[in-house]
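S.K.: If you read the sequences in order, they're chains A and B.
Mind the numbering: the first sequence is residues 1 to 216 in this note's numbering, read in order.
Mind the numbering: the second sequence is residues 217 to 432 in this note's numbering, read in order.
Yeah, the Cβ is synthetic: ideal placement off N, Cα and C, and Gly gets one too.
Every value quoted in this text rests on a predicted model; they were computed, and no experiment measured them.
Protein chains: 2
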Amino acid sequence: MAVGGGQAGPGGEGGPPLSRSLVLDAGMRILESEGIDRLTIRGLAGKLGVAATAIYWHVGDKQALLDGLAERVIDQLGDVSVRGRDPVSRVVSIATSLRETLLEGPELVALVHRQGRTAALFQPARRLLVQELTAAGVDGATIALAVPAVLNLVIGTVLLDRQLERQPAQRQTPEELWLDDGLQTPELLRHLSRPVDDRELFDYTLGIVVRAVVEP
Amino acid sequence: MAVGGGQAGPGGEGGPPLSRSLVLDAGMRILESEGIDRLTIRGLAGKLGVAATAIYWHVGDKQALLDGLAERVIDQLGDVSVRGRDPVSRVVSIATSLRETLLEGPELVALVHRQGRTAALFQPARRLLVQELTAAGVDGATIALAVPAVLNLVIGTVLLDRQLERQPAQRQTPEELWLDDGLQTPELLRHLSRPVDDRELFDYTLGIVVRAVVEP
DNA sequence: ACCTGAACACCGTTCAAGT
DNA sequence: ACCTGAACACCGTTCAAGT
Chain A
1 MAVGGGQAGP GGEGGPPLSR SLVLDAGMRI LESEGIDRLT IRGLAGKLGV
51 AATAIYWHVG DKQALLDGLA ERVIDQLGDV SVRGRDPVSR VVSIATSLRE
101 TLLEGPELVA LVHRQGRTAA LFQPARRLLV QELTAAGVDG ATIALAVPAV
151 LNLVIGTVLL DRQLERQPAQ RQTPEELWLD DGLQTPELLR HLSRPVDDRE
201 LFDYTLGIVV RAVVEP
Chain B
217 MAVGGGQAGP GGEGGPPLSR SLVLDAGMRI LESEGIDRLT IRGLAGKLGV
267 AATAIYWHVG DKQALLDGLA ERVIDQLGDV SVRGRDPVSR VVSIATSLRE
317 TLLEGPELVA LVHRQGRTAA LFQPARRLLV QELTAAGVDG ATIALAVPAV
367 LNLVIGTVLL DRQLERQPAQ RQTPEELWLD DGLQTPELLR HLSRPVDDRE
417 LFDYTLGIVV RAVVEP
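Here it is in structure tokens:
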């Protein structure tokens, strides 16, 4: 029943021998393409041409697998860029680039969140924010509050964004939501009915917070 | 093998006949006490003294069960109170009371979020916020941005709070996190090392946003 | 050291069958 | 109308056994 090669590695495909790193690679691919619900030990093993128990040898049980994948996401998605000259626009650029990176892989962010590693994911951005606010002359007590405030903003909008994507369909039209209130003017109703642009909302709130911190 | 009563209802316990409402009641109890991972159709049926397939008759499959439970949470956790005289403190009180209600059942909030019903959960608060900001003379375009900004703040801090609870232990002490940066003063390091109080952080950010909206 | 196969204890779900 | 039991196709995990 054995394939001819003898040492040809698992699955008869002749690739390199299985390793923790290769298992995590394959897990990452499943995670991105099929989502976390479809990431199973057995399916992962199948894709690698190996018995399910081989996974246990290289990475441990499912919890350890998810931890390993979260660690990869942290290394891969944590990087942020800084642009601009004045402190306000530099801080804004950090938060914006972090948000955009995270929005590229909402499934990956959800995994990190589930594993309780969000703090680690944010650490590079946190460092940069502290650096910029220090350079801008903001005092320590304010920095200690302002940095998590900005990061909260990012995670909040990213998690909600993900939600809106999955929401299959509006159950009520925006107008219906407000109709029976009575006290709204037509002008207000018009504004409330237009769906809010997520990017615009983020920029709006971020601008308020950063300006309040840097230019008190 | 049958119990003596004949029409004594399922499970031989003699209670009222099974209904959709009773199934959801039991599901709610499991959800709050054991968490969403332990909420299974079979376990639920077992607790009701009934075959697993009976659940399907009354509420449908697992997706329908979770939807039904989310709807209950929305009805039960959506209510908010308004306090204070001036517009700023009234708006702040709405956001604060919503946050505190949600923090009482983080598992329940997580379920609503998973089912994509966060918007419905927030609807009562949204209504009140629009009402208060209108009374405060804020224009429609600003209201349309400010209301979701405040709600984003709430959901962001609630979801992160939940995260911190589950995080088993700090992997690094706060000091270690910053040690190799060099550019921090001891005073800044002291502020960064103290863990941020969630409530203080929320009040801080909320205050900034609400004041910027109401007193521009 | 690395991997397989069988086995166990769970899931959700369907369906024919009972009353 | 309401409920059961058996069955199917999945899970994660353990463990003895192979090379």
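Does DSSP put Ala336 (chain B) in a helix, in a strand, or in coil?
M.R.: Correct three-state label for Ala336 (chain B): helix.
S.K.: Give every residue of the same chain whose Cβ lies closer than 6 Å to the Cβ of Val91 (chain A), excluding the five residues on either side of it in the sequence, and list them in chain order.
M.R.: Excluding sequence neighbours, Val91 (chain A) sits near Glu132 and Val210.
S.K.: Could you tell me the alpha carbon to alpha carbon distance between Ala365 (chain B) and Val289 (chain B), rounded to whole angstroms?
M.R.: Cα-Cα distance, rounded: 23 Å.
S.K.: Are any of the Cβ atoms in chain B nearer than 8 Å to that of Val209 (chain A)?
M.R.: Yes, Val209 (chain A) lies at the interface with chain B (some Cβ there is under 8 Å from its Cβ).
S.K.: On a CA-only basis, which of B:Ser305, B:Ser297 and B:Gly262 is nearest Glu316 (chain B)? Give me that one, please.
M.R.: Closest option to Glu316 (chain B), Cα to Cα, is B:Ser297.
S.K.: Taking the alpha carbon of Val147 (chain A) as the reference point, which residue from B:Ile252, B:His407, B:Ala335 and B:Val328 has its own alpha carbon closest?
M.R.: It is B:His407 whose Cα lies nearest to the Cα of Val147 (chain A).
S.K.: Per DSSP, what kind of secondary structure is Asp302 (chain B) in: helix, strand or coil?
M.R.: Of the three classes helix, strand and coil, the one that applies to Asp302 (chain B) here is coil, per DSSP.
S.K.: When Cβ atoms are compared, which residues of the stretch 406-426 of chain B fall closer than 8 Å to chain A?
M.R.: Answer set for the stretch 406-426 of chain B: Arg406, His407, Leu408, Arg410, Val412, Glu416, Leu417, Tyr420, Thr421, Ile424 and Val425.
S.K.: Looking at Ile246 (chain B): is its Cβ nearer than 8 Å to the Cβ of Ile257 (chain B)?
M.R.: No, Cβ-Cβ distance for Ile246 (chain B) and Ile257 (chain B) is not below 8 Å.
S.K.: Would you check if there are 3 or more beta carbon pairs closer than 8 Å linking the stretch 120-135 of chain A to the stretch 325-339 of chain B?
M.R.: Because the criterion of three Cβ pairs below 8 Å is not met, the stretch 120-135 of chain A and the stretch 325-339 of chain B do not touch.
S.K.: Beta-carbon of Ile94 (chain A) versus every beta-carbon of chain B: anything under 8 Å?
M.R.: No, its Cβ sits nowhere closer than 8 Å to a Cβ of chain B.
S.K.: What would DSSP say about Gly4 (chain A), mapped onto helix, strand or coil?
M.R.: Its pLDDT being 31, under 50, Gly4 (chain A) is placed unreliably by the model, and the measurement read from it follows with that caveat. Gly4 (chain A) falls in the coil class under three-state DSSP.
S.K.: According to DSSP, is Thr401 (chain B) part of a helix, a strand, or is it coil?
M.R.: The answer is coil: DSSP assigns Thr401 (chain B) none of H, G, I, E or B.
S.K.: Could you check what DSSP says for Val346 (chain B) in three-state terms: helix, strand or coil?
M.R.: Val346 (chain B) falls in the helix class under three-state DSSP.
S.K.: With a Cβ-Cβ cutoff of 8 Å, do Ile252 (chain B) and Glu323 (chain B) count as a contact?
M.R.: Yes. Within cutoff.
S.K.: What's the call for Ala351 (chain B), buried or exposed, on a 16-neighbour Cβ count within 10 Å?
M.R.: Exposed, because fewer than 16 other Cβ atoms sit within 10 Å of the Cβ of Ala351 (chain B).
S.K.: Would you kindly work out how many angstroms separate the C-alpha atoms of Leu417 (chain B) and Leu103 (chain A), rounded to a whole number?
M.R.: Cα-Cα distance, rounded: 24 Å.
S.K.: Could you spell out the range, first to last residue, of the alpha helix (DSSP H) harbouring Glu287 (chain B)?
M.R.: Counting along the chain, the alpha helix (DSSP H) containing Glu287 (chain B) begins and ends at Lys278 to Leu293.
S.K.: So, with DSSP's three-state summary, where would you put Gly137 (chain A)?
M.R.: Coil.
S.K.: List the endpoints of the continuous alpha helix (DSSP H) containing Thr421 (chain B).
M.R.: Thr421 (chain B) -> alpha helix (DSSP H) spans Asp414 to Val430.
S.K.: On a CA-only basis, which of B:Val346, B:Asp291 and B:Tyr420 is nearest Ala141 (chain A)? Give me that one, please.
M.R.: It is B:Tyr420.
S.K.: Indicate whether at least one CB of chain A lies closer than 8 Å to the CB of Ala357 (chain B).
M.R.: Yes, Ala357 (chain B) lies at the interface with chain A (some Cβ there is under 8 Å from its Cβ).
S.K.: One question on the structure: do Leu327 (chain B) and Ala280 (chain B) come within less than 8 Å of each other, judged by their Cβ atoms?
M.R.: No, the pair does not count as a contact, with Cβ atoms beyond the cut-off.
S.K.: Measuring alpha carbon to alpha carbon, tell me which of B:Val354, B:Leu375, B:Leu422 and B:Leu405 ends up nearest Glu431 (chain B).
M.R.: Closest by alpha carbon: B:Val354.
S.K.: In chain order, what residues of the same chain have a beta carbon less than 8 Å from the beta carbon of Lys62 (chain A), not counting five sequence neighbours either side?
M.R.: Ile41, listed in sequence order.
S.K.: Just curious, the alpha helix (DSSP H) that Ser33 (chain A) is in, first and last residue?
M.R.: Residues Arg20 to Glu34.
S.K.: For Gly265 (chain B), which three-state DSSP category applies?
M.R.: DSSP places Gly265 (chain B) in coil when its eight states are reduced to three.
S.K.: Quick one: what does DSSP say Gly105 (chain A) is sitting in, helix, strand or coil?
M.R.: Three-state DSSP puts Gly105 (chain A) in coil, outside helix and strand.
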